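Chains as they are written, first to last, in our numbering: chain A, 10 to 136; chain B, 8 to 157.
Using N, Cα and C, we set each Cβ at its ideal position, and we do this for glycine too.
Keep in mind that this is a model prediction, so the values were computed, not measured.
The next block holds one structure in the form of structure tokens; read it before the comments.
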Amino acid sequence: MSHPRHALDDLLGHPVRFSITALLAAASKVEFSFVRDHVEVTDSMLSKQVSTLEQAGYVKVDKGFVGKRGRTWLSLTKEGRRTFERHLAALREIAQNENGHFPAGGEGGAQRRMGTSKQAQTREHKW
Amino acid sequence: MSDSAPTPRDAQAALAEANSQAVRVRREDHQLAWMLLGIAAIYLAVAAVMSTLPDPRRAGPVAGPAILAILISGLVACVVIGLRIRAYSRTGILLYFGGIAAFNLWNGIVVATSLITRWWAPAQPSYHFGLSVALGSIPLLVVAWLIWRR
């Protein structure tokens, strides 16, 4: 299996879940309302997608209070961060191969070839 | 593992989306820069008031309450900014606390040097105090700028 699609994560194939994960990947912690505003989804939609990501072990949910106001903080777990990085590396590889030819390298080739696109990585994913 | 592959164009759009989300978090880190600027502003405002006094050891009826008002309003502003933070990155937090640590260290050096060299002494003019404080606040301003330009 040499096609980088094999390194893609099915859960992150959903555009809303991808956006949520991309936002969380750039941060240590993010408040629920911040994610809702920037991913442009409703509270219920976000709750649903966060639950899915939480069940998969990608997202951690912390609830706290500031005065009397409840606040929910979201963060990526180590597993979630690793999966997102792998997913992103596969996307980079697909994006770089506009002609559709992928060099052989077996499963996980996307990760191994990440080093060749270091500049693109810095440009696209700076955190 | 996925059976269907996105097209290169889809992949590029996803990468652009990931980048734009990262930019949003970095922008939110600007609140940390505002907090550092707030601390620097408190410090410099107190120093400015102290510099106008004929004798820094005697604050007087106006300067004392003025300094107290600066401290309270500055601290309230920093707390309000802190409560408004809705996202922060690891780099932003590291820079913020690194800036506070650097400020404490550098400020200690400036104060010690001012005392040892008698730049701060009863016979010296009040503006000496203000100049040392301005020098001491440099790390706060530098780190605020570093967070801002990310």
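{"Query": "For G105 of chain B and V140 of chain B, which I take to be in contact (beta-carbon distance under 8 Å), what is that distance rounded to the nearest angstrom?", "Result": "Going by Cβ atoms, the distance from G105 of chain B to V140 of chain B rounds to 21 Å, so no, they are not a contact pair."}
{"Query": "Buried or exposed for P13 of chain B, please, with buried defined as at least 16 other CB atoms from any protein chain shown within 10 angstroms of its CB.", "Result": "buried"}
{"Query": "On the three-state DSSP scale, how would you describe V50 of chain A?", "Result": "coil"}
{"Query": "List the residues of chain A that V32 of chain B touches, going by C-beta distances under 8 Å, in chain order.", "Result": "L32, A35, A36, V39 and W136"}
{"Query": "Closer than 9 Å by beta-carbon distance: list the chain B residues that pair up with L97 of chain A, in chain order.", "Result": "A21, L22 and A25"}
{"Query": "Any Cβ of chain B within less than 8 Å of the Cβ of L100 of chain A?", "Result": "yes"}
{"Query": "Measure how close the beta-carbons of W82 of chain A and E49 of chain A come, nearest whole angstrom, since I'm counting them as under 8 Å.", "Result": "In fact, because the Cβ distance is near 20 Å, the residues do not count as touching under 8 Å."}
{"Query": "Using a 10 Å radius around the Cβ and a threshold of 16 neighbouring Cβ atoms, would you call I49 of chain B buried or exposed?", "Result": "buried"}
{"Query": "What number of angstroms, rounded off, separates the C-alpha of I74 of chain B from the C-alpha of Y95 of chain B?", "Result": "32 Å"}
{"Query": "Expressed to the nearest angstrom, what Euclidean distance is found between the alpha-carbon atoms of A76 of chain B and R65 of chain B?", "Result": "17 Å"}
{"Query": "Whole angstroms is fine: what's the gap from D71 of chain A's alpha carbon to S56 of chain A's?", "Result": "13 Å"}
{"Query": "Could you give the first and the last residue of the continuous alpha helix (DSSP H) run that contains W126 of chain B?", "Result": "Run containing W126 of chain B: none; DSSP gives neither H nor E here."}
{"Query": "Alpha helix (DSSP H) containing D17 of chain B: first to last residue?", "Result": "P15 to E35"}
{"Query": "Spatial neighbours of K69 of chain A within its chain, please: CB distance less than 7 Å, with the 5 preceding and 5 following residues excluded, ordered by chain position.", "Result": "S84 and T86"}
{"Query": "What does the alpha-carbon distance come out to for the pair R26 of chain A and L122 of chain B?", "Result": "58 Å"}
{"Query": "Return the chain-ordered list of same chain residues with a C-beta closer than 7 Å to the C-beta of E88 of chain A, the five sequence neighbours on each side being excluded.", "Result": "G66 and Y67"}
{"Query": "Which residues of the stretch 81-96 of chain B have a Cβ closer than 7 Å to any Cβ of chain A? Give them in chain order.", "Result": "L90, R93, A94, Y95 and S96"}
{"Query": "Kindly identify the DSSP beta-bridge partner or partners of W113 of chain B.", "Result": "Its beta-bridge partners do not exist; DSSP assigns none."}
{"Query": "Return helix, strand or coil for T86 of chain A, following the three-state DSSP convention.", "Result": "coil"}
{"Query": "Can you tell me which of A:P24, A:I29, A:Q105 and A:D46 puts its alpha carbon nearest to the alpha carbon of D63 of chain A?", "Result": "The question names Asp, but residue 63 of chain A in the sequence shown is Glu. Answer by Cα proximity: A:I29."}
{"Query": "Taking only beta carbons into account, state which residues of the stretch 57-83 of chain A come closer than 8 Å to chain B, listed in chain order.", "Result": "V75"}
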